[in-house]
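Each residue of the sequence shown is one higher than the last, beginning at 1 in the UniProt record's numbering.
Cβ atoms here follow ideal geometry from the backbone N, Cα and C, with glycine treated the same way.
On a predicted model such as this, the values are computed, not experimentally measured, just so you know.
First up is the structure itself, then whatever we jot down about it.
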Amino acid sequence: MQNSGDSVQDTLPIIVIGATYSWPMELRHIRYLLAVADHGNFTRAAESLHISQPTLSQQIKQLERVLGVVLLDRSGRTVRLTDAGQAYARHARLALRDLEAGERAVHDVQDLSRGHLRVATTPTFTAYLIGPLVHRFRSEHPGISLTIRETTQDAIEADLLADRLDLGIAFAGAHAAGVEHTALFTEKLGLVVGSDHPFATAAQPLSAGALAGVPLGLLSADFATRLHIDRYFDECGVAPDIAVEANSISALLEFVRRGSLATVLPDAITRAQADLHPIPLNPPLPIRTVELLRRHTAYHSAAARAFTGAVHAIARDY
(Lines of atoms letter the chains of each structure in order from A and count residues from 1; the text may use other names and numbers.)
(Lines give C-alpha, C1' and ligand atoms only; values in the text may rest on other atoms or scores of the structure.)
Protein backbone atom coordinates (compact mmCIF):
# COMPACT_ATOMS: atom_id res chain seq x y z
CA MET A 1 0.00 0.00 0.00
CA GLN A 2 1.35 3.42 -0.92
CA ASN A 3 2.56 5.66 1.92
CA SER A 4 0.11 8.60 2.10
CA GLY A 5 3.00 11.06 2.40
CA ASP A 6 4.55 10.14 -0.94
CA SER A 7 4.36 12.73 -3.68
CA VAL A 8 3.42 11.96 -7.27
CA GLN A 9 7.03 11.99 -8.43
CA ASP A 10 7.96 9.49 -5.68
CA THR A 11 5.45 6.95 -7.00
CA LEU A 12 6.46 7.04 -10.64
CA PRO A 13 7.17 3.36 -11.46
CA ILE A 14 10.45 2.30 -13.03
CA ILE A 15 10.27 -1.22 -14.41
CA VAL A 16 13.50 -3.19 -14.12
CA ILE A 17 13.42 -6.39 -16.14
CA GLY A 18 15.93 -9.16 -15.61
CA ALA A 19 16.16 -12.69 -16.87
CA THR A 20 13.78 -14.04 -14.23
CA TYR A 21 12.48 -11.01 -12.29
CA SER A 22 10.36 -7.97 -12.98
CA TRP A 23 9.51 -5.51 -10.20
CA PRO A 24 8.09 -1.97 -10.24
CA MET A 25 10.85 0.14 -8.70
CA GLU A 26 9.69 3.56 -7.50
CA LEU A 27 11.62 6.80 -7.16
CA ARG A 28 11.23 6.69 -3.40
CA HIS A 29 13.50 3.63 -3.28
CA ILE A 30 16.23 5.68 -4.93
CA ARG A 31 15.63 8.57 -2.54
CA TYR A 32 15.83 6.17 0.39
CA LEU A 33 19.18 4.80 -0.77
CA LEU A 34 20.62 8.29 -1.24
CA ALA A 35 19.38 9.35 2.20
CA VAL A 36 21.20 6.44 3.85
CA ALA A 37 24.32 7.22 1.83
CA ASP A 38 24.21 10.89 2.85
CA HIS A 39 23.55 10.24 6.55
CA GLY A 40 25.72 7.13 6.89
CA ASN A 41 23.13 5.75 9.28
CA PHE A 42 19.71 4.10 8.89
CA THR A 43 18.23 5.80 11.97
CA ARG A 44 19.10 9.35 10.93
CA ALA A 45 18.10 8.66 7.32
CA ALA A 46 14.71 7.29 8.44
CA GLU A 47 14.14 10.37 10.62
CA SER A 48 14.92 12.69 7.72
CA LEU A 49 12.48 10.76 5.50
CA HIS A 50 9.77 10.57 8.20
CA ILE A 51 9.47 6.81 7.93
CA SER A 52 10.32 3.98 10.31
CA GLN A 53 13.77 2.41 10.27
CA PRO A 54 12.42 -1.13 9.55
CA THR A 55 10.48 0.24 6.55
CA LEU A 56 13.59 1.98 5.25
CA SER A 57 15.72 -1.14 5.68
CA GLN A 58 13.13 -3.29 3.92
CA GLN A 59 12.87 -0.90 0.97
CA ILE A 60 16.66 -0.81 0.51
CA LYS A 61 16.82 -4.61 0.58
CA GLN A 62 14.11 -4.74 -2.11
CA LEU A 63 16.20 -2.41 -4.27
CA GLU A 64 19.28 -4.56 -3.75
CA ARG A 65 17.34 -7.72 -4.69
CA VAL A 66 16.01 -6.29 -7.92
CA LEU A 67 19.43 -4.97 -8.93
CA GLY A 68 21.15 -8.17 -7.85
CA VAL A 69 23.94 -6.38 -5.95
CA VAL A 70 24.71 -5.22 -2.42
CA LEU A 71 24.51 -1.42 -2.42
CA LEU A 72 25.39 -0.71 1.22
CA ASP A 73 28.18 -1.95 3.45
CA ARG A 74 26.51 -2.40 6.84
CA SER A 75 29.49 -4.01 8.62
CA GLY A 76 30.89 -0.90 10.29
CA ARG A 77 29.50 1.72 12.64
CA THR A 78 28.88 3.96 9.62
CA VAL A 79 26.86 2.60 6.71
CA ARG A 80 28.75 3.17 3.45
CA LEU A 81 28.05 2.62 -0.22
CA THR A 82 29.77 -0.37 -1.76
CA ASP A 83 31.59 0.07 -5.08
CA ALA A 84 28.39 -0.99 -6.84
CA GLY A 85 26.41 1.37 -4.62
CA GLN A 86 28.68 4.30 -5.48
CA ALA A 87 28.27 3.65 -9.20
CA TYR A 88 24.50 3.38 -8.88
CA ALA A 89 24.15 6.41 -6.60
CA ARG A 90 26.14 8.60 -8.98
CA HIS A 91 23.70 7.93 -11.81
CA ALA A 92 20.68 8.07 -9.48
CA ARG A 93 21.59 11.58 -8.32
CA LEU A 94 21.88 12.79 -11.90
CA ALA A 95 18.55 11.20 -12.80
CA LEU A 96 16.75 12.78 -9.85
CA ARG A 97 18.27 16.16 -10.63
CA ASP A 98 16.98 16.02 -14.19
CA LEU A 99 13.54 14.79 -13.11
CA GLU A 100 13.21 17.64 -10.62
CA ALA A 101 14.27 20.12 -13.31
CA GLY A 102 11.65 18.62 -15.60
CA GLU A 103 8.98 19.03 -12.93
CA ARG A 104 9.89 22.71 -12.54
CA ALA A 105 9.68 23.13 -16.30
CA VAL A 106 6.19 21.62 -16.37
CA HIS A 107 5.01 23.99 -13.64
CA ASP A 108 6.73 27.05 -15.07
CA VAL A 109 4.22 29.84 -15.55
CA GLN A 110 5.12 32.07 -18.46
CA ASP A 111 2.99 34.98 -17.23
CA LEU A 112 5.05 35.05 -13.98
CA SER A 113 1.94 34.93 -11.82
CA ARG A 114 3.65 32.39 -9.57
CA GLY A 115 6.92 30.52 -9.27
CA HIS A 116 10.07 30.23 -7.18
CA LEU A 117 13.70 31.13 -7.82
CA ARG A 118 16.87 30.09 -5.98
CA VAL A 119 19.72 32.63 -6.06
CA ALA A 120 23.09 32.81 -4.30
CA THR A 121 25.70 35.56 -4.10
CA THR A 122 29.14 36.06 -2.66
CA PRO A 123 29.12 38.19 0.53
CA THR A 124 29.99 41.69 -0.72
CA PHE A 125 26.86 41.90 -2.87
CA THR A 126 24.46 41.60 0.06
CA ALA A 127 25.73 44.96 1.34
CA TYR A 128 24.81 47.00 -1.74
CA LEU A 129 23.41 45.04 -4.70
CA ILE A 130 20.91 42.49 -3.45
CA GLY A 131 18.61 44.96 -1.66
CA PRO A 132 17.86 47.12 -4.74
CA LEU A 133 17.77 44.03 -6.97
CA VAL A 134 15.23 42.13 -4.88
CA HIS A 135 13.13 45.28 -4.43
CA ARG A 136 13.00 45.82 -8.20
CA PHE A 137 12.23 42.19 -8.99
CA ARG A 138 9.53 41.87 -6.32
CA SER A 139 7.92 45.14 -7.45
CA GLU A 140 7.67 43.81 -11.00
CA HIS A 141 6.85 40.17 -10.17
CA PRO A 142 5.23 39.86 -6.71
CA GLY A 143 4.01 36.33 -7.45
CA ILE A 144 7.54 34.93 -7.64
CA SER A 145 9.06 33.87 -4.33
CA LEU A 146 12.82 34.02 -3.84
CA THR A 147 15.37 32.12 -1.81
CA ILE A 148 18.55 34.22 -1.46
CA ARG A 149 21.71 32.66 -0.02
CA GLU A 150 25.10 34.17 0.75
CA THR A 151 28.00 31.76 0.29
CA THR A 152 31.40 31.27 -1.32
CA GLN A 153 31.95 31.25 -5.05
CA ASP A 154 33.04 27.61 -5.05
CA ALA A 155 29.84 26.64 -3.24
CA ILE A 156 27.73 28.65 -5.69
CA GLU A 157 29.21 26.83 -8.67
CA ALA A 158 28.89 23.42 -7.02
CA ASP A 159 25.23 24.11 -6.18
CA LEU A 160 24.51 25.33 -9.72
CA LEU A 161 25.93 22.11 -11.16
CA ALA A 162 23.94 20.02 -8.66
CA ASP A 163 20.74 21.95 -9.52
CA ARG A 164 20.40 23.32 -5.99
CA LEU A 165 20.49 26.87 -7.42
CA ASP A 166 19.06 28.60 -10.47
CA LEU A 167 21.38 31.62 -10.63
CA GLY A 168 24.49 32.93 -8.91
CA ILE A 169 26.20 36.31 -8.72
CA ALA A 170 29.96 36.13 -8.32
CA PHE A 171 33.20 37.16 -10.04
CA ALA A 172 35.05 36.50 -13.26
CA GLY A 173 37.80 33.92 -13.19
CA ALA A 174 38.31 30.22 -13.74
CA HIS A 175 34.86 28.64 -13.53
CA ALA A 176 33.90 25.00 -13.12
CA ALA A 177 33.11 23.14 -16.33
CA GLY A 178 29.43 23.50 -17.14
CA VAL A 179 28.97 26.94 -15.54
CA GLU A 180 27.95 29.75 -17.91
CA HIS A 181 28.94 33.31 -17.00
CA THR A 182 27.79 36.71 -18.28
CA ALA A 183 29.50 39.98 -17.35
CA LEU A 184 27.40 42.51 -15.39
CA PHE A 185 29.68 45.35 -14.24
CA THR A 186 33.12 46.04 -12.76
CA GLU A 187 33.64 46.43 -9.03
CA LYS A 188 36.48 48.50 -7.55
CA LEU A 189 37.99 47.64 -4.18
CA GLY A 190 39.37 50.28 -1.81
CA LEU A 191 40.94 50.70 1.61
CA VAL A 192 38.42 51.91 4.20
CA VAL A 193 38.83 53.27 7.75
CA GLY A 194 36.58 54.73 10.43
CA SER A 195 36.45 58.35 11.56
CA ASP A 196 38.90 57.82 14.46
CA HIS A 197 41.55 55.98 12.43
CA PRO A 198 44.90 57.79 11.92
CA PHE A 199 44.51 57.44 8.13
CA ALA A 200 41.07 59.13 8.14
CA THR A 201 42.64 62.56 7.52
CA ALA A 202 45.18 61.39 4.92
CA ALA A 203 45.36 63.95 2.13
CA GLN A 204 47.52 61.98 -0.30
CA PRO A 205 47.34 58.39 -1.59
CA LEU A 206 49.17 55.90 0.58
CA SER A 207 51.72 53.47 -0.78
CA ALA A 208 50.98 49.79 -0.38
CA GLY A 209 54.06 49.56 1.82
CA ALA A 210 52.51 51.96 4.32
CA LEU A 211 50.01 49.23 5.20
CA ALA A 212 52.69 46.76 6.38
CA GLY A 213 52.11 47.52 10.08
CA VAL A 214 48.44 48.55 9.92
CA PRO A 215 46.01 46.13 11.63
CA LEU A 216 43.48 44.93 9.07
CA GLY A 217 40.11 43.24 9.33
CA LEU A 218 39.48 41.12 6.24
CA LEU A 219 37.09 38.50 4.95
CA SER A 220 38.25 34.94 5.60
CA ALA A 221 40.38 33.16 3.01
CA ASP A 222 37.55 31.07 1.56
CA PHE A 223 35.95 34.14 -0.06
CA ALA A 224 36.79 35.45 -3.52
CA THR A 225 37.31 39.03 -2.27
CA ARG A 226 40.07 37.86 0.05
CA LEU A 227 41.87 36.14 -2.81
CA HIS A 228 41.96 39.45 -4.71
CA ILE A 229 43.33 41.26 -1.65
CA ASP A 230 45.99 38.63 -0.96
CA ARG A 231 47.10 38.77 -4.59
CA TYR A 232 47.43 42.56 -4.36
CA PHE A 233 49.68 42.38 -1.30
CA ASP A 234 51.77 39.59 -2.85
CA GLU A 235 52.33 41.63 -6.01
CA CYS A 236 53.30 44.66 -3.92
CA GLY A 237 55.68 42.61 -1.74
CA VAL A 238 53.81 43.54 1.44
CA ALA A 239 53.10 41.20 4.38
CA PRO A 240 49.78 42.49 5.76
CA ASP A 241 48.99 42.58 9.49
CA ILE A 242 45.70 40.66 9.53
CA ALA A 243 44.34 41.24 13.02
CA VAL A 244 40.79 39.93 12.45
CA GLU A 245 39.22 37.60 9.90
CA ALA A 246 35.44 37.41 9.50
CA ASN A 247 32.95 35.77 7.13
CA SER A 248 30.56 38.72 7.31
CA ILE A 249 30.67 42.16 5.69
CA SER A 250 28.43 43.59 8.42
CA ALA A 251 30.89 42.39 11.07
CA LEU A 252 33.80 44.06 9.26
CA LEU A 253 31.86 47.31 9.05
CA GLU A 254 31.30 47.26 12.81
CA PHE A 255 34.97 46.51 13.52
CA VAL A 256 36.12 49.41 11.36
CA ARG A 257 33.58 51.88 12.77
CA ARG A 258 34.40 51.11 16.40
CA GLY A 259 38.13 50.51 16.42
CA SER A 260 41.52 51.05 14.88
CA LEU A 261 41.13 48.45 12.13
CA ALA A 262 41.17 49.19 8.42
CA THR A 263 39.51 46.96 5.86
CA VAL A 264 39.07 46.52 2.11
CA LEU A 265 35.59 46.92 0.63
CA PRO A 266 33.95 47.59 -2.72
CA ASP A 267 33.61 51.32 -3.36
CA ALA A 268 29.83 50.91 -3.72
CA ILE A 269 29.60 49.87 -0.05
CA THR A 270 31.86 52.66 1.16
CA ARG A 271 29.87 55.34 -0.69
CA ALA A 272 26.72 54.28 1.16
CA GLN A 273 28.34 54.61 4.63
CA ALA A 274 28.73 58.22 5.78
CA ASP A 275 30.98 57.28 8.71
CA LEU A 276 33.52 55.38 6.59
CA HIS A 277 36.45 57.00 4.84
CA PRO A 278 37.97 55.67 1.59
CA ILE A 279 41.75 55.93 1.44
CA PRO A 280 43.39 55.97 -2.02
CA LEU A 281 46.30 53.56 -2.47
CA ASN A 282 49.22 53.58 -4.87
CA PRO A 283 49.07 51.27 -6.71
CA PRO A 284 45.27 51.01 -6.45
CA LEU A 285 43.53 47.84 -5.40
CA PRO A 286 42.25 45.68 -8.28
CA ILE A 287 39.11 46.10 -10.32
CA ARG A 288 37.16 42.88 -10.89
CA THR A 289 34.29 41.86 -13.12
CA VAL A 290 30.98 40.81 -11.55
CA GLU A 291 29.21 38.01 -13.41
CA LEU A 292 25.86 36.26 -13.47
CA LEU A 293 26.31 32.48 -13.30
CA ARG A 294 24.04 29.60 -14.34
CA ARG A 295 24.41 25.93 -15.25
CA HIS A 296 24.93 25.48 -18.98
CA THR A 297 22.34 22.72 -19.38
CA ALA A 298 19.80 24.09 -16.89
CA TYR A 299 16.21 24.80 -17.86
CA HIS A 300 15.93 28.61 -17.86
CA SER A 301 12.49 29.31 -16.42
CA ALA A 302 10.43 32.43 -17.07
CA ALA A 303 11.24 33.58 -13.53
CA ALA A 304 14.96 33.08 -14.13
CA ARG A 305 14.76 35.03 -17.38
CA ALA A 306 12.92 37.87 -15.63
CA PHE A 307 15.45 37.94 -12.80
CA THR A 308 18.28 38.02 -15.33
CA GLY A 309 16.69 41.09 -16.91
CA ALA A 310 16.40 42.76 -13.51
CA VAL A 311 20.07 42.04 -12.73
CA HIS A 312 21.22 43.63 -15.96
CA ALA A 313 19.02 46.67 -15.36
CA ILE A 314 20.38 47.18 -11.85
CA ALA A 315 23.95 46.56 -13.04
CA ARG A 316 23.78 49.70 -15.21
CA ASP A 317 23.88 51.77 -11.99
CA TYR A 318 27.30 50.42 -10.97
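Excluding its 5 nearest sequence neighbours in each direction, G40 has C-beta neighbours in its own chain below 6 Å: T78 and V79, listed in chain order.
Excluding sequence positions up to five before and after L219, its CB lies within less than 6 Å of the CB of T225 and R226, all in the same chain and listed in chain order.
Put simply, of A45, G68, L71 and R138 the residue whose alpha carbon is nearest the alpha carbon of V311 is R138. For L34, no beta strand (DSSP E) encloses it; the enclosing alpha helix (DSSP H) starts and ends at L27 to H39. Check the Cα spacing between R118 and each of D267, R294, A315 and R316: the tightest is with R294.
If you keep only unbroken beta strand (DSSP E) runs of at least 3 residues inside the stretch 213-287, you get 215-219, 241-246, 263-266 and 276-279. In the DSSP assignment, F307 falls within the alpha helix (DSSP H) that extends over A302 to A315.
About 12 Å separates the Cβ atoms of A37 and S48, ruling out a contact at the 8 Å cut-off. When P198, P142 and V134 are compared, the shortest CA-CA separation from I169 is found for V134. Taking 8 Å as the cut-off, the Cβ atoms of E187 and P132 do not count as close. Pairing L189 with P123 gives a Cβ-Cβ distance that is not under 8 Å. According to DSSP, G168 shares a beta bridge with A120 and L293. In the three-state reduction of the DSSP assignment, H91 falls in the helix class, which pools H, G and I. Counting along the chain, T182 sits inside the beta strand (DSSP E) bounded by residues V179 to G194.
Straight-line spacing of the CA atoms in R271 and R164 works out to 34 Å. Looking at F185, H116, L206 and Q86, the one whose alpha-carbon comes closest to that of A313 is F185. Following the DSSP letters along the chain, one finds T55 inside the alpha helix (DSSP H) bounded by residues Q53 to L67. The straight-line gap separating the alpha-carbon atoms of T126 and T152 is approximately 13 Å. Rounded to whole angstroms, the gap between the alpha carbons of A304 and G68 is 42 Å.
Cβ-Cβ separation between H116 and I144: approximately 7 Å, consistent with a contact (criterion under 8 Å). Only exposed fits E235, as fewer than 16 other CB atoms lie within 10 angstroms of its CB.
If you check the CB distance, V256 and V214 do not come in under 8 Å.
Within the DSSP secondary-structure output, T152 pairs in no beta bridge.
For A183, the closest of R288, S207, E157 and S248 by C-alpha to C-alpha distance is R288. A straight line joining the alpha-carbon of R316 with that of F307 spans about 15 Å.
Distance from Q59 to Y32 at the Cβ level is roughly 5 Å; contact confirmed, criterion being Cβ atoms closer than 8 Å.
In this structure, L191 lies near V264, with their beta-carbon atoms less than 8 Å apart.
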